[in-house]
């Protein structure tokens, strides 16, 4: 079964939009895991870069926790893995 990457990316973008990003880049890295169990079961792997004023005053770990909290309902299914890079924006 091949994952529905576009639908998974739309779910991710929808959840992250709640953080009011000034910049959001989503990279689908699922192809790097083709043949792995998660990929074969229809799960996706993504890398995101998100800049948001929501992160002001938070440590890098706290920023990533905010992101993970925003997407917790779609991890680990349908998104199996998510690499996160954050930045504070004004």
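Numbering (my numbering), first residue to last: 37 to 126.
Here a beta-carbon is modelled for each residue, glycine too, at the ideal position from N, C-alpha and C.
Beta-carbon proximity list for residue i, same chain, < 7 angstroms, skipping 5 on both sides
i: residue 44; result: 80, 114, 115
Candidates the options: closest to residue i by CA position
i: residue 124; options: 71, 62, 102; result: 102
Residue i and residue j closer than 8 angstroms at C-beta
i: residue 84; j: residue 111; result: no
i: residue 121; j: residue 89; result: no
i: residue 51; j: residue 92; result: no
i: residue 47; j: residue 82; result: no
Cβ shell of residue i (< 6 angstroms), same chain only, five flanking positions each side left out
i: residue 58; result: 87, 125
N-terminal and C-terminal residue of the alpha helix (DSSP H) that residue i is part of
i: residue 45; result: 41-53
i: residue 98; result: 96-107
Beta-carbon proximity list for residue i, same chain, < 8 angstroms, skipping 5 on both sides
i: residue 60; result: 49, 52, 53, 84, 85, 86, 87
i: residue 96; result: 122
Endpoints, the beta strand (DSSP E) within which residue i is located
i: residue 58; result: First-last for residue 58: undefined, no H or E at that position.
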